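Residue numbering for the sequence shown follows the numbering used here, starting at 29 and increasing by one per position.
All C-beta atoms in this analysis are idealised placements derived from N, C-alpha and C, irrespective of residue type, glycine included.
Just so we're clear, the structure is a prediction, and the values are computed from it rather than from any experiment.
Working notes, structure below.
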Amino acid sequence: MLPENMWGQLPDRSARGIAAEIRRLVSMGLLSEGTRLPTVRVVAQELGISPTTVSEAWQSLSRAGIVASHGRNGTVVLGIPDPILGPRRYRRVTQGGGQFALDLSSGTPDPSLLPDMQAALLRAATRVERGDGASMTYVDSAVLPELHGVLLRRWPFVPGALTVVDGAMDALDRISAVVVNRGDRVVVEAACFPPLLDLLEQSGADVIGVAGDAEGISPDSLSAALDANPVALFLQPRAQNPTGVSMTPGRAKQLCEILKPSAAVVIEDDHSGDIASAPVVSLGTGMPDRVVHILGFSKSHGPDLRLAAIGGAAAIVHAVATRRMLGPGWSSRLLQGVLADLLTDRAAIASVAKARAAYALRRSVVVDALTTHGIDARADDGINVWIAVERESDALLALAARGIGASPGSPFTVDASQPEHIRITVAGILGTAAEIEPIVAEIAYALRSERTQPWQRPS
Ligand SMILES: Cc1ncc(COP(=O)(O)O)c(C=O)c1O
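In structure tokens:
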């Protein structure tokens, strides 16, 4: 049976909007399996749009396995396909790893720029031996008290609650499990972290991408997205992966004002933390009860520490911590002790500052050299460079032929019609400016050859 007044006040009458609405109705059980959808002509008339638009929506739903077209017998609802979709975008980004002479696809930090962990590990282990520091019991607080103190002092706003989990991705997973339900609308940056898109797809959320500029999310684009009553906005405040943009304090203030009348909560993924050159910025200073801020330590202190902190809206942070008591309970307090040590040790602090400066230098050398060679590249902050290309597949192939691995841009994008890009990680380009330049010239040559016919190539 079709629901009464099926289209309601459907604000977005594009093919995408119609497909998203049908997906939502199916996932909420309002359009059940076997229901025959109205014909393209009837829907077009009802919505006052072209039959081609409806037909495009029906085709995209069919490709997603949500409906099946039976020719003259109409289009029938199949249901939402098995949610075991897995990290399909993430797999596309990482699949080349290991097979290139120079692999710039990884998005991981340069191991030689991570602080030396040996002394911190020894000190943490000694504290455990002595019976202070890390604990052996199940009932102690999930966050090691000395780490809690360090985190509170550096948090960008006064958090209602604070906890520690196993990395920024774990934080996104656990927070989205609390905040997002099947069929909910969720706003993300139009180009963002592929595993977040995989995760939201698996949650059955209807994802809306918002555009950005050099200062962060575009206010107009966010205002328009809020018309769809999303439950959440996921954003990266600094060193946005993949574009490298860090949000300005002025933009954070503007976004806060736009968000205030809505009900959406904000999840900020500050995944690059201390290696970002821009100062920390958060919407939590304007609306602490609606923001959950994630601070990652993988890029600055090591991916295998597997630690990130979550702080902000008490209801959400408590829900994450409480649910986790039915799983691992807490993140290793031994490793939390190592992190607390590294965050307060002068040598480790200096080492992270050195890494921050080294990444900034590599970014500017790489972007300047690419620009000189006529390639449109940006990397305001962080460890990645986002490069505009004519055709992603040709660019990847041209680089692969020279033994260079890069990430395809499409897994990062919400909407396949966005301009094509590839991403390279500067963490993998080692050496002085003089040593880096020839490598970048090789990349630029590969990318230019991608758009040049063989007979037009410079000799
Ligand atoms: C935007 C973003 N969020 C989260 C993560 C995952 O961080 P972690 O290693 O702390 O899980 C990354 C890793 O590259 C990232 O780029």
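Boundaries of the beta strand (DSSP E) in which residue i is found, first to last residue
i	result
residue 451	449-453
residue 564	As shown, the chain starts at 29 and ends at 487. That puts residue 564 outside it, with no answer to give.
residue 378	Where residue 378 is concerned, there is no enclosing beta strand (DSSP E), although the alpha helix (DSSP H) it sits in stretches over 374-400.
residue 416	412-416
residue 189	189-193
residue 309	Neither: residue 309 is in no beta strand (DSSP E) and is coded neither H nor E.
residue 104	103-105
Whether residue i touches residue j by CB criterion (7 Å)
i	j	result
residue 338	residue 322	yes
residue 342	residue 188	yes
residue 520	residue 409	Since the displayed the chain opens at 29 and closes at 487, residue 520 lies outside it and no answer follows.
residue 452	residue 393	no
residue 474	residue 403	no
residue 265	residue 215	no
residue 211	residue 430	no
residue 364	residue 175	yes
residue 378	residue 370	no
residue 213	residue 226	no
residue 358	residue 170	yes
residue 309	residue 280	yes
Rounded separation between residue i and residue j - CA only
i	j	result
residue 383	residue 458	12 Å
residue 105	residue 65	7 Å
residue 391	residue 401	15 Å
residue 285	residue 54	34 Å
residue 297	residue 86	35 Å
residue 288	residue 325	30 Å
residue 268	residue 220	8 Å
residue 352	residue 367	21 Å
residue 34	residue 49	9 Å
residue 405	residue 468	12 Å
residue 59	residue 315	37 Å
residue 167	residue 207	27 Å
residue 292	residue 466	47 Å
Limits of the alpha helix (DSSP H) - the one that residue i falls within
i	result
residue 88	79-91
residue 329	326-329
residue 122	116-122
residue 156	146-158
residue 261	Not the alpha helix (DSSP H): residue 261 falls in the beta strand (DSSP E), residues 260-263.
residue 178	173-182
residue 206	196-207
residue 357	Per DSSP, residue 357 belongs to no alpha helix (DSSP H) and is neither H nor E.
residue 286	277-287
residue 332	Looking at the DSSP string, residue 332 is not in any alpha helix (DSSP H), and its letter there is neither H nor E.
residue 230	222-231
residue 247	247-254
residue 551	The structure shown does not extend to residue 551, since the chain spans only 29 to 487, so no value can be given for it.
residue 422	420-429
Backbone secondary structure at residue i - three-state DSSP
i	result
residue 299	coil
residue 346	helix
residue 340	strand
residue 241	strand
residue 293	strand
residue 59	coil
residue 270	coil
residue 64	strand
residue 440	helix
residue 131	strand
residue 136	coil
residue 94	coil
residue 71	helix
residue 445	coil
residue 468	helix
residue 51	helix
residue 76	coil
residue 186	coil
residue 108	coil
residue 42	coil
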